[in-house]
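Q:
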Amino acid sequence: MGHLDHAAYGWLTPVLSYVMASIGAALGLRCTVRALAATGSSRRNWLLTAASAIGTGIWTMHFVAMLGFDVTGTEIHYDVPLTILSLLVAVLVVGAGVFAVGYGKERGRSLVLGGLTTGLGVASMHYLGMAALRLHGHVSYKPLVVGLSVVIAVVAATAALWAALNIKSPLAVAGASLVMGAAVSSMHYTGMMAVGVAVSPSDTALPGATAMQFIFPLAVGLGSYLFITAAFVALSPTADERAASASASAQPVPHPVPTAR
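Quick note: the sequence shown uses numbering that gives the first Met the number 0, first residue 0, plus one each step.
1) Going by C-alpha to C-alpha distance, which of G56, A50 and R42 sits closest to A182?
2) Taking the C-alpha atoms as reference points, what is the distance between E74 and W10?
3) Just checking my contact of T228 with A52 at CB under 8 Å: how many whole Å lie between their CB atoms?
4) If the criterion is Cβ atoms closer than 9 Å, does the pair M60 and S184 meet it?
5) Compute the beta-carbon to beta-carbon distance between A34 and G101, rounded to the nearest angstrom, for a pair I have assumed lies under 8 Å.
6) Cβ of F213 within 9 Å of Cβ of Y77?
7) For a quick check, are the C-beta atoms of A50 and F98 less than 9 Å apart?
8) Could you have a look at E240 and say whether DSSP puts it in helix, strand or coil?
9) Beta-carbon within less than 8 Å of V196's beta-carbon, same chain only, minus the 5 sequence neighbours each way: which residues are those?
10) Is it true that the CB of G118 sits closer than 9 Å to the CB of V153?
11) For M211, does the count of other Cβ atoms within 10 angstroms reach 16, so buried, or fall short, so exposed?
12) According to DSSP, which residues form a beta bridge with H2?
13) Give the DSSP-derived three-state secondary structure of G136 in the structure shown.
14) Name, in chain order, the residues that DSSP records as bridge partners for A208.
15) Kindly give me the distance between the Cβ atoms of V172 and V32, rounded to whole angstroms, as I take these residues to be in contact under 8 Å.
16) Pull up the distance between the alpha-carbon of A24 and that of L217, whole angstroms please.
17) Please determine, among P142, S199, L147 and T48, the residue with the shortest C-alpha to C-alpha distance to A230.
18) Can you round the beta-carbon distance between V93 and G54 to whole angstroms, since I take them to be within the 8 Å contact cut?
19) Distance, Cα to Cα, L112 vs A122?
20) The beta strand (DSSP E) spanning G146 covers which residue range?
21) Can you say whether V14 is buried or exposed, counting buried as having 16 or more other CB atoms within 10 angstroms of its CB?
22) What are the complete alpha helix (DSSP H) segments, minimum 4 residues, inside the region 63-129?
23) For A229, which three-state DSSP category applies?
24) Who are the near neighbours of H187 in its chain, counting only those whose CB is closer than 7 Å to its CB and skipping five residues on each side?
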């Protein structure tokens with residue numbers, strides 16, 4: 000078996016991946032809170048933004064962490080279409096979970112359905128991303144550890160959606176986002192503990208792209224998207240602020256009382 004290093008750059012990739020997961024969670028939760036206070040197309044748009052933020056944050060977390068993944072005795076490449084598919088799966092399945100909560104009539108059932116769907120989506124993204132690995136050797140998994148990583152993903156997703164339904168203040172959302180970021184990171188590294196690689200040294204060129212050729216530029220682009228979205232959400236007025244502005248505009252303007260000469 001080849002020696003696996005999950006942090007080839009030290010603490011840089013684990014810390015940065017945690018930050019990206021937390022930012023995605025914070026944006027997703029804030030957008031979901033905004034969605035629950037909105038109606039019509041506004042609710043749909045906020046939920047779409049939430050799904051893209053959470054899905055993008057989780058995907059970026061995974062592949063930033065994978066920048067630090069190294070196997071002694073072989074290079075590592077990534078299958079480009081399969082890697083992009085893992086991103087689409089993350090956004091689409093997380094979106095299904097978020098919409099289940101955003102439009103569900105019974106909150107308890109919606110929370111269970113949304114948490115299960117989103118958690119399975121997170122796990123699917125992770126293992127699709129792992130399936131995109133191209134190296135000289137054979138990748139194997141420990142089934143029990145894989146199962147544990149899926150359970151962590153479902154619990155983390157359910158807790159995040161519960162927070163979106165029950166936590167409103169920005170400070171509380173920030174705290175919940177840090178917890179969700181830790182949970183998603185735990186799911187990733189638990190899943191990585193299930194991995195074993197039997198290296199078969201070869202001079203044959205590997206298909207696909209290296210992490211620096213493909214993963215790094217894409218992660219930077221998606222990270223930029225998260226920061227731009229964060230600025231948009233921060234500058235967008237809340238429902239309470241819009242209501243207060245509308246109320247102020249509706250109040251009659253007092254006219255000066257003429258004075259006697």
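Glycine included, each C-beta is placed from N, C-alpha and C at the ideal position. Computed from a prediction, not measured in an experiment: that's the story for all the values here.
A: According to the data block:
1) G56
2) When rounded, the distance between both Cα atoms is 21 Å.
3) That belief holds up - the Cβ atoms of T228 and A52 are roughly 6 Å apart, short of 8 Å.
4) yes
5) 5 Å
6) Contact: yes.
7) Yes.
8) Here the model assigns E240 a pLDDT of 48, short of 50, so the residue's position is not dependable and the matter cannot be decided.
9) M0, G1, L3, V70, T73, L134, G136, H137, V138 and S139
10) yes
11) exposed
12) Beta-bridge pairing links H2 to no other residue.
13) strand
14) Y77
15) 7 Å
16) 19 Å
17) From the listed residues P142, S199, L147 and T48, the smallest Cα separation to A230 is found for T48.
18) Contact flag correct, Cβ pair sits at about 4 Å.
19) 15 Å
20) In the DSSP annotation of this structure, G146 is not part of any beta strand (DSSP E); the continuous alpha helix (DSSP H) holding it starts and ends at P142 to N165.
21) exposed
22) 79-102
23) It is helical.
24) M60, H61, A64 and H125
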